[in-house]
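Participant: Residue numbers (UniProt numbering): 1 to 330. In this text, a Cβ means the ideal position worked out from N, Cα and C, and glycines have one as well. Here you go, one structure.
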């Protein structure tokens with residue numbers, strides 16, 4: 001799909017962006033890969049590390065529509081990964097989060113339609129489902145913007161879909177590097193927000209592969225959700241440092257005990273495929289779309305009316321040994 005094509009990734013110098021670019025260069029021969037981000041140091045480091053002639057680095061912010069339009073010239077595919085993602089920071093700086101996560105999403109939509117991009121996949125988060133924090137609320141708004149963009153595009157060929165998944169093992173800002181840092185510094189205990197807390201877990205490579213697959217599977221307006229395991233925070237601590245005790249420090253502002261990827265309220269719009277779920281758009285488009293079979297021939301079935309995909313009730317839980325094995329591979 002990506003051979004001899006031009007791809008742009010917003011937030012391209014982040015953990016996901018670098019892994020995505022690496023995978024694209026391994027599997028395909030793109031004409032151009034545009035890294036769009038606002039950190040000149042990370043761009044310089046990435047340019048040196050990859051040393052690839054097809055990479056183009058654009059310093060810019062998704063808040064800047066004119067700059068996005070320049071960066072998207074002759075681009076066929078866009079991955080929107082740029083976001084402000086720290087839950088407490090969003091609670092204390094709400095307008096900054098809104099400007100990037102909501103207005104930035106709208107700018108990506110406008111620029112993609114104006115420049116004739118073929119397909120756009122936006123990255124979401126489990127926190128966008130039944131959000132209780134500002135970060136989750138902004139990502140829910142972003143999801144709605146990208147779904148409705150398929151109507152806004154009208155007769156233009158640009159199509160939009162969303163990928164929603166849980167915590168990425170070892171990504172910047174996640175609990176894994178925090179625990180690793182504390183362990184390396186000889187901490188006497190590891191901070192646990194609540195011993196009952198659970199989270200969905202996905203590796204960076206799995207997330208990248210799922211996004212690439214979404215470009216093949218998408219029609220328009222779907223939210224793609226992978227089937228992934230859950231882990232208990234206490235089991236994560238036990239896997240990383242079995243000899244270090246834990247200390248309960250309380251839930252941070254805006255945090256949940258358990259996360260949801262497919263809310264019960266959306267069950268009527270959810271289809272189950274062999275390795276993922278699809279949340280169909282609640283709104284109708286100009287053309288009737290059959291989401292039960294995707295463009296690569298995979299078939300899905302409706303879920304039960306009371307279906308909910310939640311980290312605390314997920315039938316697939318990782319044991320401490322499985323978590324340890326997973327961390328060793330990442």
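Have a look at residue 69 and residue 151 and give me their C-alpha separation to the nearest angstrom.
Facilitator: The straight-line gap from Cα to Cα measures roughly 20 Å.
Participant: Within a Cβ cutoff of 8 Å, which residues of the same chain sit near residue 76, ignoring the five residues on either side of it in sequence?
Facilitator: Excluding positions up to five away in sequence, the list reads 5, 6, 7, 117, 118, 119.
Participant: Where in the region 152 to 229 do unbroken runs of the beta strand (DSSP E), each at least 3 residues long, occur, reported from the N-terminal end onward?
Facilitator: Entirely contained in the region 152 to 229, the beta strand (DSSP E) runs reaching 3 residues are, in chain order, 159 to 163, 190 to 192, 198 to 202, 223 to 226.
Participant: So who's on the other strand from residue 122, going by DSSP bridges?
Facilitator: Answer is 80, 162.
Participant: To the nearest whole angstrom, what separates the beta carbons of residue 222 and residue 291, a pair I think is in contact under 8 Å?
Facilitator: So it is a contact: roughly 6 Å between Cβ atoms.
Participant: Under 8 Å: do the region 277 to 294 and the region 144 to 158 share three or more Cβ pairs, one atom per stretch?
Facilitator: Judged by Cβ distances under 8 Å, the region 277 to 294 makes contact with the region 144 to 158, as three or more pairs qualify.
Participant: Report the option in 72, 106, 164, 169 whose CA atom is closest to the CA atom of residue 326.
Facilitator: Per the Cα distances, 169.
Participant: Suppose the cutoff is 7 Å on Cβ atoms and the five residues either side in sequence are ignored; what does the same chain contact list for residue 316 look like?
Facilitator: Here the set comprises 229, 230.
Participant: Mind checking which residues open and close the alpha helix (DSSP H) that includes residue 27?
Facilitator: It spans 15 to 27 - the alpha helix (DSSP H) in which residue 27 sits, taken as one unbroken run.
Participant: Roughly how many angstroms lie between the CA atoms of residue 48 and residue 61, to the nearest whole one?
Facilitator: C-alpha separation (whole angstroms): 22 Å.
Participant: Find the nearest neighbour of residue 36 within the set 276, 50, 55, judged by alpha-carbon distance.
Facilitator: Ranking the options by Cα distance to residue 36, first place goes to 55.
Participant: Write down the C-beta distance between residue 124 and residue 163 rounded to the nearest angstrom, noting that I regard them as a contact closer than 8 Å.
Facilitator: About 6 Å separates the two Cβ atoms, so the contact holds.
Participant: Would you mind sorting residue 73 into buried or exposed? The rule is 16 or more other CB atoms within 10 Å of its CB.
Facilitator: That one is exposed.
Participant: Using a threshold of 8 Å, state whether the C-beta atoms of residue 140 and residue 91 are closer than that.
Facilitator: Cβ distance not < 8 Å, so residue 140 and residue 91 don't count as in contact.
Participant: Considering only DSSP beta bridges, list what residue 92 is partnered with.
Facilitator: Beta-bridge pairing links residue 92 to no other residue.
Participant: Look at residue 216 and residue 1 and say whether their C-beta atoms are less than 8 Å apart.
Facilitator: Against a cut-off of 8 Å, the Cβ pair of residue 1 and residue 216 comes out as a contact.
Participant: Report the option in 270, 171, 264 whose CA atom is closest to the CA atom of residue 313.
Facilitator: Of the candidates 270, 171, 264, the one whose C-alpha sits nearest the C-alpha of residue 313 is 264.
Participant: Please determine if the region 293 to 307 and the region 257 to 277 are in contact, where contact requires at least 3 C-beta pairs separated by less than 8 Å.
Facilitator: At 8 Å Cβ cutoff, the stretches touch.
Participant: Using 8 Å as the threshold, is the C-beta distance between residue 271 and residue 300 below it?
Facilitator: Going by C-beta atoms, residue 271 is nearer than 8 Å to residue 300.
Participant: Using 8 Å for Cβ pairs, my map puts residue 296 next to residue 235. What's the rounded Cβ distance?
Facilitator: Between residue 235 and residue 296 the Cβ distance is about 35 Å, and since that is not below 8 Å, they are no contact.
Participant: Determine the DSSP secondary structure at residue 262, reduced to helix, strand or coil.
Facilitator: Here residue 262 sits in strand by DSSP.
Participant: Using only alpha-carbon positions, find the residue among 241, 12, 52, 82 that is nearest to residue 186.
Facilitator: Residue 241 is the option with its Cα nearest to residue 186.
Participant: Please state whether the Cβ-Cβ distance between residue 311 and residue 276 is less than 8 Å.
Facilitator: Cβ atoms of residue 311 and residue 276: not closer than 8 Å.
Participant: For residue 184, is the classification buried or exposed, using 16 other Cβ atoms within 10 angstroms of its Cβ as the cut-off for buried?
Facilitator: Answer is exposed; the Cβ neighbour count stays below 16.
Participant: Quick one, which of 26, 11, 219, 10 has its alpha-carbon nearest residue 205's?
Facilitator: Checked all of 26, 11, 219, 10; the closest Cα to residue 205 is 26.
Participant: Looking at the secondary structure, which residues open and close the alpha helix (DSSP H) in which residue 323 lies?
Facilitator: Element bounds for residue 323: 320 to 329.
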